[in-house]
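Numbering (the numbering used here), first residue to last: 3 to 106.
Positions of the beta carbon are idealized from the N, C-alpha and C atoms, including for glycine.
Computed from a predicted structure; not experimentally measured.
Structure, as structure tokens:
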Amino acid sequence: MIKHTVLFKIKKEVSQREIDSIFSELKELKNKLPGINSIVGGKCHFIENAEDKLPASHGFTIDFLDENARDNFLTNPICNSVKEHIIQSIEGGYESLFGFEFHL
3 MIKHTVLFKI
13 KKEVSQREID
23 SIFSELKELK
33 NKLPGINSIV
43 GGKCHFIENA
53 EDKLPASHGF
63 TIDFLDENAR
73 DNFLTNPICN
83 SVKEHIIQSI
93 EGGYESLFGF
103 EFHL
């Protein structure tokens, strides 16, 4: 199993409705792509007002069955709209994403 985690900071002007839409779209990928065990994501609740104190305010983790499932997520065009939605909503764009993986 692979835990794929991505952290980012949402722009202050992005509404809560838009943020909810992003995470809803992201979670829907579980129903569209094989090999995804779970998707969780949202606002950081580790530190109050994280968006003002940390380099990331939101993030998500996807648990993939294996590398093939992860690679499918990374390259499948069905994911492009949600990825673009995230990129447009975060400070610093693509270059500001912070991601890492655990292979279990």
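Where residue i sits in the DSSP three-state scheme
i: F75; result: helix
i: F25; result: helix
i: H87; result: helix
i: D68; result: coil
i: G37; result: coil
i: E103; result: strand
i: I49; result: coil
Cβ shell of residue i (< 8 Å), same chain only, five flanking positions each side left out
i: G101; result: H6, T7, V8, L9
i: A71; result: I4, L35, P36, G37, I38
i: I49; result: K55, L56
Residue i classed as buried or exposed, judged by whether at least 16 other C-beta atoms fall within 10 angstroms
i: F104; result: exposed
i: S91; result: buried
i: K14; result: exposed
i: K59; result: Checking the displayed sequence, the identity of residue 59 turns out to be Ser instead of Lys. S59 should be labelled buried.
i: L28; result: buried
Same chain, Cβ closer than 6 Å to residue i, five either side skipped, listed in chain order
i: K32; result: I38, I41
Neighbourhood of residue i by C-beta, 7 Å cutoff - its chain only, sequence neighbours within 5 removed
i: G95; result: I89
Residues that DSSP places opposite residue i in a beta bridge
i: K5; result: D65, F104
If we count Cβ pairs, one from each stretch, closer than 8 Å, do we get three or more for the region 53–66 versus the region 31–41? yes
Below 8 Å, can you find three or more Cβ-Cβ pairs linking the region 40–47 to the region 13–30? yes
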